[in-house]
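K.L.:
Encoded as structure tokens, here's the structure I'll be asking about.
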Ligand SMILES: [Zn+2]
């Protein structure tokens, strides 16, 4: 973590599934100079991958629009078809991670070193397979509501999910911190959730609050954790 020579605080976002709402999300992030890791399923980038979440249409984007869109952000693996890792035996999981990383590296022309656990499913077996695949860090879904560095880079818990009630209090607390040791605020979610309940306005207020602080390093997960 070279950034810690200069900074004691870092902020990153991690968003999953590569859906059309990411276009609006990236616009907001770029406006505020924030950096995100996008966790993608290389096998689901087709028009048949549509579903509805609380009445909101969710559709994954085709690969040809992704390199431009995600330029300046990080790409990480989320398995080829969003399988639950618990449902795959170790050779299947190994092959799928290798395949997804290779496909994403081909699409984006850059190295993929991170992972987000589909459904947040992780145990020691899954973690060990990822390690053998060369994955450098992996994110789960259980909020810590804290800013401590993860003890295990292959089982990183985020600070919180954007739809949680207390994200503004957490942001204020983080902004006011003057820590002696490095601290990280990691926010995660799915951009389609912003289509529900005026989520976009709320998220933009959050980005406005979190951005522009001289003492915070803004970078995607890979730059922070590796
Ligand atoms: Zn997902």
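Residue numbers (the working numbering): 1419 to 1644. From the three backbone atoms N, C-alpha and C, an ideal C-beta is built for every residue, glycine too.
1. Alpha helix (DSSP H) containing residue 1591: first to last residue?
2. Report the option in 1442, 1617, 1542 and 1547 whose CA atom is closest to the CA atom of residue 1579.
3. What is the DSSP secondary structure of residue 1544, reduced to helix, strand or coil?
4. Please check the pair residue 1548 and residue 1533, which I expect to be a contact at CB under 8 Å, by giving their CB distance rounded to whole angstroms.
5. Please write down, chain order preserved, every residue whose beta carbon lies under 6 Å from a heavy atom of ligand 1.
6. Report buried or exposed for residue 1496, applying the criterion of at least 16 other Cβ atoms within 10 angstroms of its Cβ.
7. So the alpha helix (DSSP H) residue 1510 belongs to, where does it begin and stop?
8. Can you tell me where the alpha helix (DSSP H) with residue 1619 in it begins and where it stops?
9. Apart from the five residues just before and just after residue 1462, which ones in its own chain have a Cβ nearer than 7 Å to its Cβ?
10. Would you kindly report the start and end of the unbroken beta strand (DSSP E) that includes residue 1457?
11. Go ahead and pull the three-state DSSP assignment for residue 1462.
12. Roughly how many angstroms separate the alpha carbons of residue 1628 and residue 1429, rounded to a whole number?
13. Kindly list the residues whose CB is nearer than 6 Å to the CB of residue 1538, restricted to its own chain and excluding five residues on each side of it in sequence; keep chain order.
P.N.:
Quick look at the numbers:
1. 1585–1594
2. 1617
3. helix
4. 6 Å
5. 1434, 1435, 1496, 1500 and 1536
6. buried
7. 1508–1526
8. 1617–1628
9. 1478, 1499 and 1500
10. 1454–1458
11. helix
12. 8 Å
13. 1558 and 1559
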